[in-house]
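Trainee: Let me begin by handing over the structure; questions about it come next.
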Amino acid sequence: MSDIRNIVVLTGAGISAESGIDTFRDSGGLWEQHRVEDVATPEGFSRDPDLVHRFYDARREAVQQVEPNPAHEALALLDKRWDGDLLIVTQNVDDLHERAGASRVLHMHGELLSALCARCDARHRWSEPLFGRPECPGCGEAALRPDVVWFGEMPYEMERIYDALRRADMFVSIGTSGAVYPAAGFVRDAREFGARTLELNLERGEGSYWFHESRQGRASKLVPEWVGEVLGGMPS
Ligand code: NAD
Ligand code: APR
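As structure tokens, then:
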């Protein structure tokens, strides 16, 4: 580990599962209960904004009732202690990384606790329902939408992510099925740029064969173990 200086961590729904948040593709997951086309596409939102608002309002409320788990806490510890580059790229729209104390976090699929005005493009911290169409505090129009990236939309901060992947010596993917691009392609990119790659997931994800190493188990166990290895090898 002593040759590692720059780390990129990718997280997905699996890291928040033990906090009580539903994943998408596991049995009983969100995409078994809802049609993606209805609630997670721009077309679905134009067709039935009330349905989409109700879906995200429920998720926003649920997220505010749960707590970070030992996997989030271990990454927050790494964030505090690691003196090389670190970027935690999350596909999650919850705020559990931040509530555990991590600050080097980038939400490539947006955030539930943010609202985006489709009229003036302003973003606002938002913890209340969007059902009922509240006015945008910036322009006054009732044009707020959840600040989440839907299928068919461009994920956020791709340039910063690829800059970090290019420099990374280590890429770690945690709790993601590897089903959704571009995040699912990061392992291949990081590997081609020269990073060592590690998967930490309950089961092997779709692109598991791209990783140098894959460990199966609960994130609350695997992540603290890995962070211990990395910090244990840090030059004092
Ligand atoms: P998508 O194309 O809707 O989302 C990816 C978005 O990222 C696109 O808008 C694309 O323009 C953008 N993008 C891609 N590469 C980029 C880059 N390098 N820089 C910036 N932006 C980039 O998602 P998709 O491709 O339709 O779906 C991805 C996977 O998810 C597929 O395997 C699909 O089968 C799966 N999927 C699953 C469900 C489901 O769970 N039921 C629904 C839809 C899609
Ligand atoms: N510990 C570790 N891994 C877990 C745990 C756990 N306790 N529980 C579940 N997992 C794993 C599952 O085995 C699965 O491989 O987490 C993964 C979750 O995969 P998905 O539900 O597909 O979630 P994710 O990969 O984050 O989805 C990506 O899809 O619909 C979009 O925008 C949405 O950001 C999301 C993206």
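So for the sequence shown, full-length UniProt numbering puts the first residue at 1; every next one is plus one. Virtual Cβ for every residue (Gly too), placed ideally from N, Cα, C. Computed from a prediction, not measured in an experiment: that's the story for all the values here.
Around ligand 2, which residues pass a check of Cβ closer than 6 Å to any of its heavy atoms?
Mentor: With the cut-off at 6 Å, the residues found are G12, A13, G14, A17, E18, T23, F24, R25, D26, G29, Q91, H109, G175, T176, S177, A179, V180, N201, L202, E203, G205, R218, A219.
Trainee: Tell me whether E111 is buried or exposed, calling it buried when 16 or more other Cβ atoms sit within 10 Å of its Cβ.
Mentor: By the 10 Å Cβ count, E111 comes out buried.
Trainee: Considering Cα atoms alone, identify which of S19, P70, L30 is closest to V223.
Mentor: P70
Trainee: Compute the distance between the beta-carbons of P134 and H124, then report whether it is under 7 Å.
Mentor: no
Trainee: Roughly how far, in whole angstroms, is the beta-carbon of F45 from the beta-carbon of V52, given that I think they are within contact range, below 8 Å?
Mentor: Right, their Cβ atoms sit about 5 Å apart.
Trainee: Could you have a look at Q216 and say whether DSSP puts it in helix, strand or coil?
Mentor: strand
Trainee: Ignoring anything shorter than 4 residues or poking outside the segment 156-229, list the alpha helix (DSSP H) runs there in chain order.
Mentor: 158-167, 186-192
Trainee: Ordered along the chain, which non-local residues of its own chain (more than five positions away) have a Cβ less than 6 Å from that of R145?
Mentor: The residues are L116, A118.
Trainee: Specify the secondary structure class of I4 as computed by DSSP and reduced to three states.
Mentor: coil
Trainee: Taking Cβ to Cβ, would you say T11 is nearer than 7 Å to G175?
Mentor: Yes, they are a contact pair.
Trainee: How many whole angstroms separate the CB atoms of A142 and N6, which I take to be in contact at a CB cut-off of 8 Å?
Mentor: Wrong, their Cβ atoms sit about 44 Å apart, outside the cutoff.
Trainee: Name the one or two DSSP bridge partners that D147 has.
Mentor: Per the DSSP secondary-structure output, D147 pairs in a beta bridge with E111.
Trainee: Would the segment 157-168 and the segment 184-191 be scored as touching if the rule is three or more Cβ pairs under 8 Å?
Mentor: yes
Trainee: Flag this pair as yes or no: are the beta carbons of V172 and L78 separated by less than 7 Å?
Mentor: 7 Å or more divides the Cβ of V172 from the Cβ of L78.
Trainee: Per DSSP, T23 forms a beta bridge with which residues?
Mentor: None, per the DSSP bridge assignment.
Trainee: Do the segment 59-68 and the segment 197-217 meet, that is, are 3 or more Cβ pairs less than 8 Å apart?
Mentor: no
Trainee: Using the beta-carbon count (16 or more within 10 Å), is E73 buried or exposed?
Mentor: buried
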